[in-house]
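Numbering (the working numbering), first residue to last: 2 to 124.
The C-beta atom is built at its ideal place from N, Cα and C for all residues, glycine as well.
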């Protein structure tokens with residue numbers, strides 16, 4: 002992306018690391034051309050954007066969601082699918098995907114809470 006916008010970002014002090022070109026050479030030159038073998042994946046993207054502190058914060062938030070909101074198998078399956086897909090795809094950085102998963106987990110949590118409240122107050 003920096004090469005495309007170098008005329009805008011160069012004067013601001015942007016730099017390109019030699020590892021960047023090595024990664025792009027790998028992506029362009031790999032014969033399988035599959036996202037499974039691509040060096041671009043969600044966990045690496047989060048680490049690249051926010052560093053180890055950001056990765057730790059993301060994992061801490063995941064643990065809170067797992068303990069407090071994932072009350073049934075469906076919610077746990079959704080969380081595990083995000084964590085596993087993050088090892089292969091870049092979906093963790095897609096707002097539409099993450100908002101859909103968060104919405105489904107939140108709706109299921111709300112449904113379970115309402116069901117428990119109704120059972121508690123039923124005769």
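{"Item": "Classify residue 76: buried if its beta carbon has 16 or more other beta carbons within 10 angstroms, exposed otherwise.", "Value": "buried"}
{"Item": "On the DSSP letters alone, give me the boundaries of the alpha helix (DSSP H) that residue 120 sits inside.", "Value": "96-122"}
{"Item": "Could you check what DSSP says for residue 74 in three-state terms: helix, strand or coil?", "Value": "helix"}
{"Item": "Taking a contact to mean a Cβ-Cβ separation below 8 Å, would you say residue 110 touches residue 72 in this structure?", "Value": "yes"}
{"Item": "Below 8 Å on the Cβ atoms is my guess for residue 105 versus residue 79; work out the distance and round it to an integer in Å.", "Value": "6 Å"}
{"Item": "Just confirm the distance between the C-beta atoms of residue 42 and residue 88, as a whole number of angstroms; I'd bet it's less than 8 Å.", "Value": "6 Å"}
{"Item": "Determine the DSSP secondary structure at residue 88, reduced to helix, strand or coil.", "Value": "coil"}
{"Item": "Measuring straight from C-alpha to C-alpha, what distance separates residue 10 and residue 60?", "Value": "31 Å"}
{"Item": "Going along the chain, which residues of its own chain have a beta-carbon closer than 7 Å to the beta-carbon of residue 96, five neighbours each way excluded?", "Value": "none"}
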